[in-house]
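Data block below; observations after.
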Amino acid sequence: METLEDKIYGRIKRYGRGWVMTNRDFRDFAKSASIDWALHKLKSRNLIRPVLRGIYYYPEYSDLLQEELAPSLSDVAQALARKNQWHIQISGSAALYFLGLTTQIPVKTIYFSDGPTHQFSVNSRILYFKHVTLKESKIASPKSEIVVQAIRELGEDHVSDEILQKIRNQLTDTERRKLYSETQFICTWIREKINLICSSEGE
Numbered sequence: 334m335e336t337l338e339d340k341i342y343g344r345i346k347r348y349g350r351g352w353v354m355t356n357r358d359f360r361d362f363a364k365s366a367s368i369d370w371a372l373h374k375l376k377s378r379n380l381i382r383p384v385l386r387g388i389y390y391y392p393e394y395s396d397l398l399q400e401e402l403a404p405s406l407s408d409v410a411q412a413l414a415r416k417n418q419w420h421i422q423i424s425g426s427a428a429l430y431f432l433g434l435t436t437q438i439p440v441k442t443i444y445f446s447d448g449p450t451h452q453f454s455v456n457s458r459i460l461y462f463k464h465v466t467l468k469e470s471k472i473a474s475p476k477s478e479i480v481v482q483a484i485r486e487l488g489e490d491h492v493s494d495e496i497l498q499k500i501r502n503q504l505t506d507t508e509r510r511k512l513y514s515e516t517q518f519i520c521t522w523i524r525e526k527i528n529l530i531c532s533s534e535g536e
């Protein structure tokens, strides 16, 4: 008979290496306390790594670097948002860094949130949530939101063809389709830039 631990690990494997999770990602399986215990046992078996209280990481290994990779701060932020039921939005400066559009390493990675202002330390990196009133509707996929916030941060007159191509090169076909469909009602000038990213002419 399949145990709760088996069910949870099966889902983790389906999401794949690099996934950052919280017990809410398994709430359809059992009650919270049972899920927490199953995650603890998976951690004890060295199958997942603790990141923060209630946040775990399915470790990814780099053959090139010959070492285990640290979890993505973006993925940790999304897991924290799911765990605490916050709505979050990445800051423009953080979005530029994630897309490699700036060489300036931020002292802290900032997200705006409708939850409390709070700071977390993740592998010596600072993840900072700043409480604000989020005026815009949530964009479903984190990658689409990162692109939108990066373009907004640069400003209409500073988004060159070269920058659009750099962004385009970092998106899979699926991510481009999501970006196109999820930004139908974004402000006009940003939508025009996104249309260029998603068009087949850039290929």
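All the letters of the sequence shown, read from the start, carry residue numbers 334 to 536 under our numbering. All residues carry an ideal CB built from backbone N, CA and C; glycine is no exception. Treat the numbers as computed from the prediction; the structure is a model and nothing was measured.
Residue i versus residue j: straight-line alpha-carbon distance, rounded
{"i": "residue 514", "j": "residue 496", "result": "21 Å"}
{"i": "residue 488", "j": "residue 390", "result": "35 Å"}
{"i": "residue 398", "j": "residue 521", "result": "42 Å"}
{"i": "residue 498", "j": "residue 343", "result": "37 Å"}
{"i": "residue 477", "j": "residue 361", "result": "27 Å"}
{"i": "residue 531", "j": "residue 400", "result": "35 Å"}
{"i": "residue 501", "j": "residue 359", "result": "33 Å"}
{"i": "residue 437", "j": "residue 466", "result": "27 Å"}
Bounding residues of the beta strand (DSSP E) (the contiguous stretch that carries residue i)
{"i": "residue 458", "result": "458 to 464"}
{"i": "residue 385", "result": "382 to 385"}
{"i": "residue 472", "result": "Residue 472 -> no beta strand (DSSP E), and no H or E assigned at all."}
{"i": "residue 391", "result": "First-last for residue 391: undefined, no H or E at that position."}
{"i": "residue 507", "result": "Not the beta strand (DSSP E): residue 507 falls in the alpha helix (DSSP H), residues 506 to 515."}
{"i": "residue 355", "result": "353 to 355"}
Unbroken alpha helix (DSSP H) run spanning residue i, endpoints
{"i": "residue 521", "result": "521 to 531"}
{"i": "residue 475", "result": "475 to 487"}
{"i": "residue 500", "result": "494 to 502"}
{"i": "residue 410", "result": "406 to 417"}
{"i": "residue 375", "result": "365 to 377"}
Spatial neighbours of residue i in its chain, beta-carbon cut-off 6 Å, leaving aside the 5 residues before and after
{"i": "residue 393", "result": "350, 351, 402"}
{"i": "residue 408", "result": "353"}
{"i": "residue 461", "result": "441, 443, 452"}
Residues near residue i by beta carbon distance below 7 Å, same chain, minus five either side
{"i": "residue 485", "result": "425, 523"}
{"i": "residue 365", "result": "356"}
Cβ-based neighbour list, residue i, same chain, cut-off 8 Å, excluding 5 preceding and 5 following
{"i": "residue 511", "result": "473, 474, 476, 477"}
Quick test of the definition: if touching needs 3 or more C-beta pairs under 8 Å, does the region 423 to 435 touch the region 377 to 388? Contact fails: fewer than three Cβ-Cβ distances are below 8 Å.
At least three beta-carbon pairs within less than 8 Å, the region 366 to 373 to the region 417 to 430: Fewer than three beta-carbon pairs drawn from the region 366 to 373 and the region 417 to 430 are found closer than 8 Å, and the two stretches are therefore not classed as touching.
Going along the chain, which unbroken runs of the beta strand (DSSP E) with 3 or more residues stay wholly within the region 424 to 457? Within the region 424 to 457, the complete beta strand (DSSP E) runs of at least 3 residues are 442 to 446, 451 to 455.
Would you say the region 441 to 448 touches the region 491 to 510, given that touching needs at least three Cβ pairs under 8 Å? They do not touch, by the three-pair rule.
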